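Working notes, structure below.
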Amino acid sequence: MSVFTHPSNRFATGVLLFSASLWGLSWMPLKWFIAQGLSGPMVSLLSYGVVGLFSCIFIWRQRAAWRPQWGLLLALAVVGGWANTSFVNALMLGDVVRVMFLFYLSPVWSVLGGWLFLKERIPPLRWAAVVVALLGLWLFLGGPGGPDLAFTFVDFLALSAGFCFAANNVIARAAQQVPMVSKTFAVFAGCGVISLLATSTLGHAVPAGMGLGVWLAVLAYGFVWLLLATATWQFGVTHIESSRAGVILLAELVVAVMSALWFGDESMTGMEWAGGALIAMAAFAEALDTSPDPKPQGA
-18 MSVFTHPSNR FATGVLLFSA SLWGLSWMPL KWFIAQGLSG PMVSLLSYGV
32 VGLFSCIFIW RQRAAWRPQW GLLLALAVVG GWANTSFVNA LMLGDVVRVM
82 FLFYLSPVWS VLGGWLFLKE RIPPLRWAAV VVALLGLWLF LGGPGGPDLA
132 FTFVDFLALS AGFCFAANNV IARAAQQVPM VSKTFAVFAG CGVISLLATS
182 TLGHAVPAGM GLGVWLAVLA YGFVWLLLAT ATWQFGVTHI ESSRAGVILL
232 AELVVAVMSA LWFGDESMTG MEWAGGALIA MAAFAEALDT SPDPKPQGA
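Going by this note's numbering, the residue at position 286 of the sequence shown is 267; the numbering climbs one at a time, nothing skipped.
The structure is reproduced here in structure tokens:
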């Protein structure tokens, strides 16, 4: 019996923790890239985009399966592409801690998206998590007496990344006929197209005289780091029940925040700690929800 086809819970949990750690530490190479003169859109173009270009052949080979739901596959490419592009740019331009907590409002958008677009019945616990997360957002952005919430463009990128990540999950649940490989690689392809549009519009280019080492590092980030993180995430969530996987994936938030505080010279105010704690609690409650999968209203 293969450990990859029939993994034990311990092995699958370890794989998922490894994936969460990779995602949580992804700010480190991204900060290094911007120090080398690369912009966020250019990094996502050279990493996600190049992988997406090579993956088009796999998507095309599965066209017979996804053709009936080609619109949903296109939607996955758009929202998933924006989620990754905006997340990369937010991490490169902003404070890692702030970006991660704002991104982790994605459970809020997942609940609202499932309720509005899939007509799902949402259990009370999940509605409570939405309220707690929104209260945490208010506190994190300033709370009572805060400086007009101090909302910035980087905050918008982080929030929109979480929103589109949640939308990607909602669409993926609806696209039952689209193979998992096509779903995954469509996001890479969409990120490449969006990044190409951004670099063209903003006039970004590869820095003159960029060394071979930087080129290799960017390509390795796409073909090794991102693909490995994505593949191990897919493996983990496939072989672990969703509630347990959701809790394990919170390790990404913990790893990102603690590593940024320890190694990234970042800090948090008391209000931000309070707001971040509420956001994390909401995500934890959402992950621990053991109620049956939401049913469409009227079913």
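Even glycine gets a Cβ: it sits at the ideal position worked out from N, Cα and C.
What you are looking at is a predicted structure, and each value in this text was computed from that prediction instead of being measured.
Whose C-beta lies closer than 8 Å to the C-beta of residue i among residues of the same chain, with five residues either side of it excluded?
| i | result |
| --- | --- |
| serine 163 | Phe39, Ile40, Gln43, Ala46, Trp47, Leu54 |
| leucine 118 | Leu83, Leu86, Gly256, Ile260 |
| threonine 213 | Val(-4), Leu(-3), Phe(-1), Ser0, Leu3 |
Determine the burial state of residue i: buried for a count of at least 16 other Cβ atoms within 10 Å of its Cβ, exposed for fewer.
| i | result |
| --- | --- |
| arginine 107 | buried |
| phenylalanine 244 | exposed |
| valine 205 | exposed |
| asparagine -10 | exposed |
| alanine 148 | buried |
| methionine 161 | exposed |
| glycine 279 | Its pLDDT being 45, under 50, glycine 279 is placed unreliably in this model, and the value from its coordinates should be taken loosely. Burial call: exposed. |
| phenylalanine 35 | exposed |
| serine 181 | exposed |
| threonine 250 | exposed |
| leucine 183 | exposed |
| glycine 18 | exposed |
Hey, does residue i have any beta-carbon neighbour from chain D nearer than 7 Å?
| i | result |
| --- | --- |
| phenylalanine 134 | Here there is only one protein chain, and chain D is not present. |
Can you name, in chain order, every residue of its own chain whose Cβ lies under 7 Å from the Cβ of residue i, other than the five neighbours on each side?
| i | result |
| --- | --- |
| leucine 74 | Gly21, Val135 |
| valine 77 | Trp8, Ala237, Ala241, Gly245, Glu247 |
CB-CB under 6 Å to residue i, same chain, minus the five flanking residues each way: which ones, in chain order?
| i | result |
| --- | --- |
| leucine 27 | Val199 |
| valine 60 | Cys145, Ala148, Asn149 |
| glycine 194 | none |
| tryptophan 90 | Phe144, Ala147 |
Could you check where the alpha helix (DSSP H) with residue i kicks off and where it finishes?
| i | result |
| --- | --- |
| arginine 107 | 105 to 121 |
| arginine 102 | First-last for arginine 102: undefined, no H or E at that position. |
| phenylalanine 146 | 134 to 155 |
| threonine 165 | 161 to 183 |
| glycine 124 | Neither: glycine 124 is in no alpha helix (DSSP H) and is coded neither H nor E. |
| proline 10 | 8 to 16 |
| glycine 5 | -10 to 5 |
| serine 240 | 232 to 244 |
| leucine 193 | 193 to 201 |
| glycine 21 | 21 to 25 |
Can you determine whether any heavy atom of the ligand NAD sits closer than 6 Å to the C-beta of residue i, and answer yes or no?
| i | result |
| --- | --- |
| leucine 234 | For the structure depicted, the ligand NAD is absent and the ligand set is empty, with no information on it obtainable. |
Within the stretch 33 to 92, ranges of the alpha helix (DSSP H) (whole runs, at least 4 residues)
44 to 47, 51 to 74, 77 to 84
Does the stretch -12 to -3 come into contact with the stretch 139 to 155, if we say contact requires no fewer than three beta-carbon pairs (one atom in each stretch) closer than 8 Å?
By the Cβ rule, the stretch -12 to -3 does not count as touching the stretch 139 to 155, because fewer than three pairs are nearer than 8 Å.
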